[in-house]
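Numbers 1 to 257, taken from the UniProt record's numbering, label the letters of the sequence shown in order.
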Amino acid sequence: MMDDIDEARDWRGDEVDCAACTHQALASAGACRLKHACVNDRYARRIDRFFNWNPGLANSYIAHPHFEVRAIAAKHASVFLLPPLLDDPEETVRWNAARRLPKRLVLRLRTDVHREVRIRIASVLDDAELMPMMADADYYVRLVIARRVAPSLLVHMIDDEEAEVRRIVAQRIPRDWLLRMASDCDARVRLEIAQRLAPELLSRLRNDPDWRVRYEVASRIAVGEIAELADDGDGLVQDMARARATGRQERLGEFPA
Numbered sequence: 001m002m003d004d005i006d007e008a009r010d011w012r013g014d015e016v017d018c019a020a021c022t023h024q025a026l027a028s029a030g031a032c033r034l035k036h037a038c039v040n041d042r043y044a045r046r047i048d049r050f051f052n053w054n055p056g057l058a059n060s061y062i063a064h065p066h067f068e069v070r071a072i073a074a075k076h077a078s079v080f081l082l083p084p085l086l087d088d089p090e091e092t093v094r095w096n097a098a099r100r101l102p103k104r105l106v107l108r109l110r111t112d113v114h115r116e117v118r119i120r121i122a123s124v125l126d127d128a129e130l131m132p133m134m135a136d137a138d139y140y141v142r143l144v145i146a147r148r149v150a151p152s153l154l155v156h157m158i159d160d161e162e163a164e165v166r167r168i169v170a171q172r173i174p175r176d177w178l179l180r181m182a183s184d185c186d187a188r189v190r191l192e193i194a195q196r197l198a199p200e201l202l203s204r205l206r207n208d209p210d211w212r213v214r215y216e217v218a219s220r221i222a223v224g225e226i227a228e229l230a231d232d233g234d235g236l237v238q239d240m241a242r243a244r245a246t247g248r249q250e251r252l253g254e255f256p257a
């Protein structure tokens, strides 16, 4: 815990000197405390506690040389002072400012150089605002978007280069589009498709190279189409197909990754 550290040093590494601080009156009133709630300390927890106790002082610190002070001050300062912080060199400062500003001001952070900022921005924007980010260079940004955007817009992400993104798309895309992904090169994506397809459409996947996909097909395809799978090269697929053909069915648990 930061408060267990028995030292009080500023962001330069120098010892904090309360005698030279401009907030001596606060200390006398119990509104700040060395090694606990101090704006001059280098530890974020102590800075954060200082501003929680004294939010009215945040406006004076948004240009402080220590980025932790700027970032935490941005959570309390007047919103009218925050727009310049969108150009701060530290991503934590940019994000703390962005989370309090109107969306029209923060949309430009969709192309921020730091992935963490783009990820956080993607987590708060609406569908139309997210569409330009569907081609983001970072797969995790696209993953966040695939989880958040309206299913009807996911058609634009069907061919994403990252399999994990396509897997999320396969889970959420409208069923009318599922067959477009039935030939995906990744078996995990095809398994998601197989699990969502209507039984009458599963024949498209009964010769899939992955046994997990064929097993899913065997468990739900129409019995009249199951004969081929009863002779499948995989024993579990065979067992499922033969069990269904004879009126018995016992599914496996979770597939291995």
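Built from N, CA and C at the ideal position, the CB exists for glycine as well. Quick caveat, the model's predicted, so the values are computed rather than measured.
Sequence-distant residues of its chain with Cβ nearer than 8 Å to residue i (five each side left out)
{"i": "Val69", "result": "Trp11, Val39, Ile47 and Tyr61"}
{"i": "Leu82", "result": "Ile62, Ala74, Ala97, Arg100 and Leu101"}
{"i": "Leu85", "result": "Ile62, Arg70, Ala74, Val93, Arg94, Asn96 and Ala97"}
Buried versus exposed, by CB contacts within 10 Å (16 or more), residue i
{"i": "Cys32", "result": "buried"}
{"i": "Asp231", "result": "exposed"}
{"i": "Ala37", "result": "buried"}
{"i": "Asp159", "result": "exposed"}
{"i": "Ala241", "result": "buried"}
{"i": "Asp208", "result": "buried"}
{"i": "Asp14", "result": "exposed"}
{"i": "Asp88", "result": "buried"}
{"i": "Val217", "result": "buried"}
{"i": "Val113", "result": "exposed"}
{"i": "Glu161", "result": "exposed"}
{"i": "Asp41", "result": "buried"}
{"i": "Asp6", "result": "exposed"}
{"i": "Asp17", "result": "exposed"}
CA nearest to the CA of residue i, picked from the options
{"i": "Ser45", "options": "Arg115, Glu15 and Ala8", "result": "Checking the sequence, you will find Arg at residue 45 rather than Ser. Considering only alpha carbons, the answer is Ala8."}
{"i": "Gly247", "options": "Leu125, Ile226 and Arg49", "result": "Ile226"}
{"i": "Asp138", "options": "Thr22, Thr111 and Tyr43", "result": "Thr111"}
Contact under 7 Å by Cβ, residue i with residue j
{"i": "Ala194", "j": "Leu178", "result": "no"}
{"i": "Val117", "j": "Leu109", "result": "yes"}
{"i": "Arg115", "j": "Trp95", "result": "no"}
{"i": "Val141", "j": "Ala122", "result": "yes"}
{"i": "Phe51", "j": "Val93", "result": "no"}
{"i": "Pro199", "j": "Ile173", "result": "no"}
{"i": "Ala71", "j": "Ala58", "result": "no"}
{"i": "Arg214", "j": "Val189", "result": "no"}
{"i": "Leu153", "j": "Asp127", "result": "yes"}
{"i": "Ala170", "j": "Met181", "result": "yes"}
Test: residue i CB closer than 7 Å to a CB of chain B
{"i": "Thr246", "result": "Reference to chain B is not applicable here, since this structure consists of a single protein chain."}
Rounded straight-line distance, which links the Cα of residue j to that of residue i
{"i": "Cys185", "j": "Glu91", "result": "36 Å"}
{"i": "Val149", "j": "Gln238", "result": "39 Å"}
{"i": "Asp176", "j": "Arg212", "result": "23 Å"}
{"i": "Asn54", "j": "Ala20", "result": "19 Å"}
{"i": "Leu229", "j": "Pro132", "result": "44 Å"}
{"i": "Lys35", "j": "Val79", "result": "29 Å"}
{"i": "Val26", "j": "Arg104", "result": "Checking the sequence, you will find Leu at residue 26 rather than Val. Looking at the two C-alpha atoms, the distance is approximately 38 Å."}
{"i": "Arg147", "j": "Leu197", "result": "20 Å"}
{"i": "Gly30", "j": "Arg49", "result": "13 Å"}
{"i": "Leu201", "j": "Gly233", "result": "22 Å"}
Near the ligand HEM: residue i beta-carbon under 6 Å from a heavy atom
{"i": "Arg33", "result": "For the structure depicted, the ligand HEM is absent and the ligand set is empty, with no information on it obtainable."}
Contacts around residue i, its chain only, beta-carbon distance under 7 Å, and the 5 residues preceding and following it disregarded
{"i": "Val223", "result": "Arg244 and Ala245"}
{"i": "Leu143", "result": "Glu164, Val165 and Ile168"}
{"i": "Ile145", "result": "Ala122, Leu130, Met133 and Met134"}
{"i": "Gly56", "result": "none"}
{"i": "Asp136", "result": "Arg118 and Arg142"}
Cβ-based neighbour list, residue i, same chain, cut-off 6 Å, excluding 5 preceding and 5 following
{"i": "Val106", "result": "Ala98"}
{"i": "Glu192", "result": "Arg167, Ala170 and Gln171"}
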